[in-house]
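In order, the protein sequence lines correspond to chains V and L.
FYI, the numbering for the first sequence is 1 to 110, going by my numbering.
FYI, the numbering for the second sequence is 1001 to 1113, going by my numbering.
Note that beta-carbon positions come from the ideal geometry of N, C-alpha and C, so glycine has one too.
All of these numbers come straight from a predicted model, not from anything done at the bench.
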Amino acid sequence: GENVEQHPSTLSVQEGDSAVIKCTYSDSASNYFPWYKQELGKGPQLIIDIRSNVGEKKDQRIAVTLNKTAKHFSLHITETQPEDSAVYFCAANFGRALTFGSGTRLQVQP
Amino acid sequence: DVKVTQSSRYLVKRTGEKVFLECVQDMDHENMFWYRQDPGLGLRLIYFSYDVKMKEKGDIPEGYSVSREKKERFSLILESASTNQTSMYLCASSLEGALYEQYFGPGTRLTVT
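Below is the structure:
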């Protein structure tokens, strides 16, 4: 089946710095790559996604890049703020389902 | 706003009990999903349903069953709860044309003692 590996498992940055989370996937047929943010006590929320026909997508302070040849994609958060502190999950589609990475706990220090 | 609600935030059950976890969505979504979330393992798909009375197994269906009698409701059933089913259970839904854009409920933390 599909395998999605996510690194790092924890990330601590100073407020205002950038944060990068990386994922690799195994199925070359995957063509949809979402990122979810899970705040404490809540369910994951879709924050950005990218499809295989583009290499980069931005939404304000958040960007995602995709390298289909290498089968990896990354989440970039610039000018981090304390409210960015959460667990982030990457995912890739496989058949009719999503396979999720193991998650990254991001802590933004004020 | 899409709303996915789960019947309980916290649940404590004994080994061998039959457990029902309920999920309701109010956006007329065709697809519904059950995941379990464990530290270091991310979210793992248990079952999903793309229509009423339809279901498909996910990656870890053993020990679970599901029921979808109405479009808005998707139930996860643990026929005989075991301690290794202690976990956070997350329900999600999505539109037919946007299978992968999933909206999650707040989760049910189930403890089996």
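Excluding the 5 residues flanking residue i on each side, which residues of the same chain have their C-beta closer than 6 Å to its C-beta?
i	result
Q14 of chain V	Q109
K1013 of chain L	V1019, A1081, V1112
K68 of chain V	S52
List, in order along the chain, the chain L residues whose C-beta lies closer than 9 Å to that of residue i?
i	result
L11 of chain V	Correct list: empty, because the minimum Cβ distance to chain L is about 15 Å.
P34 of chain V	Y1100, E1101, Q1102
List, in chain order, every chain V residue whose beta-carbon is nearer than 9 Å to that of residue i.
i	result
E1106 of chain L	Note that residue 1106 of chain L is Pro in the sequence shown, not Glu. The contacting residues are G41, K42, G43.
Can you name, in chain order, every residue of its own chain whose Cβ lies under 7 Å from the Cβ of residue i, other than the five neighbours on each side?
i	result
E5 of chain V	C23, T24, G101
H72 of chain V	K22, C23, T24
K1057 of chain L	Y1047
P8 of chain V	T104
E1079 of chain L	K1018, S1065
F94 of chain V	G1, E2, D27, S30
Can you check whether the C-beta of residue i is within less than 7 Å of a C-beta belonging to chain L?
i	result
S85 of chain V	no
N93 of chain V	yes
Quick one: does residue i have its CB under 7 Å from some CB of chain V?
i	result
G1097 of chain L	no
L1110 of chain L	no
L1090 of chain L	yes
L1011 of chain L	no
Quick one: which chain V residues come within Cβ less than 8 Å of residue i?
i	result
E1056 of chain L	R96
F1048 of chain L	R96, A97
L1021 of chain L	Per Cβ cutoff of 8 Å: no residues; L1021 of chain L is ~14 Å from chain V at best.
Residues of chain V with CB closer than 7 Å to the CB of residue i, please, in chain order.
i	result
G1063 of chain L	Chain V residues near G1063 of chain L: none, gap ~19 Å exceeds 7 Å.
Compute the distance between the beta-carbons of residue i and residue j, then report whether it is under 7 Å.
i	j	result
K1052 of chain L	R1068 of chain L	In the sequence on display, residue 1052 of chain L carries Val and not Lys. For V1052 of chain L and R1068 of chain L, yes; Cβs fall inside 7 Å.
D1059 of chain L	R1044 of chain L	yes
G43 of chain V	G1042 of chain L	no
T78 of chain V	S18 of chain V	yes
M1032 of chain L	S1049 of chain L	yes
E1101 of chain L	S1093 of chain L	no
D1026 of chain L	K1003 of chain L	yes
A86 of chain V	Q38 of chain V	yes
W35 of chain V	L98 of chain V	no
Please list the partners that residue i has in chain L, where partner means a Cβ-to-Cβ separation under 7 Å.
i	result
S181 of chain V	Only positions 1 to 110 of chain V appear in this structure, which leaves residue 181 of chain V out of reach.
F89 of chain V	G1042, L1043
Going along chain L, which residues have a C-beta under 8 Å from residue i?
i	result
L46 of chain V	E1101, Q1102, Y1103
What does a CB cutoff of less than 8 Å around residue i pick up in its chain, not counting 5 residues either side in sequence?
i	result
E56 of chain V	I50, A63, V64, T65, L66
D1038 of chain L	R1044, S1087, M1088
Start-end ranges of the beta strand (DSSP E) lying completely within the region 11-53 of chain V, minimum 3 residues: 19-25, 32-38, 45-51
- request: Taking only runs that begin and end inside the region 1018-1072 of chain L, name each unbroken beta strand (DSSP E) of 3 or more residues, in chain order.
  value: 1019-1025, 1031-1038, 1042-1049, 1064-1070
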